[in-house]
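J.:
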Amino acid sequence: MLDKIVAKIPHLKLIVIDTFAEHFRATDVGYNDRKKMIANSLMGLQECAQQHGISIILINNMKTGRRDFVAEQLAKGN
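According to our numbering, the sequence shown is numbered sequentially starting from 1.
1) According to DSSP, is I15 helix, strand or coil?
2) Quick check on DSSP: helix, strand or coil for I56?
3) Should the stretch 11 to 21 be called in touch with the stretch 45 to 58, which here means at least 3 C-beta pairs below 8 Å?
4) I believe L58 touches F20 by the beta-carbon criterion, under 8 Å. Please report the beta-carbon distance rounded to the nearest angstrom.
5) Is DSSP giving N61 helix, strand or coil here?
6) Have a look at D80 and M1 and give me their C-alpha separation to the nearest angstrom.
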């Protein structure tokens, strides 16, 4: 989908995605599955950037991720 958008915008050089991982935290999948989803997304973004000669900046809030990790561990009884 991003490829189609990028192709329609001439002279595009930069995309900034704010709170990248936030969208993955809203899913009902476990930590390992979430890591795989994020990795696949990152590979797709890298391919898009290389194909179109653009830069993509991702912003991630690590503190929020820490709370999710702790909540998962508490739910597991760890």
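The beta carbon of each residue, even a glycine, is placed where N, CA and C say it ideally should be.
T.: This is what the structure gives:
1) strand
2) Residue state for I56 is assigned as strand, using DSSP reduced to three classes.
3) yes
4) That pair is a contact at about 4 Å.
5) The answer is coil: DSSP assigns N61 none of H, G, I, E or B.
6) Nothing about residue 80 can be read from this structure; the chain reaches only from 1 to 78.
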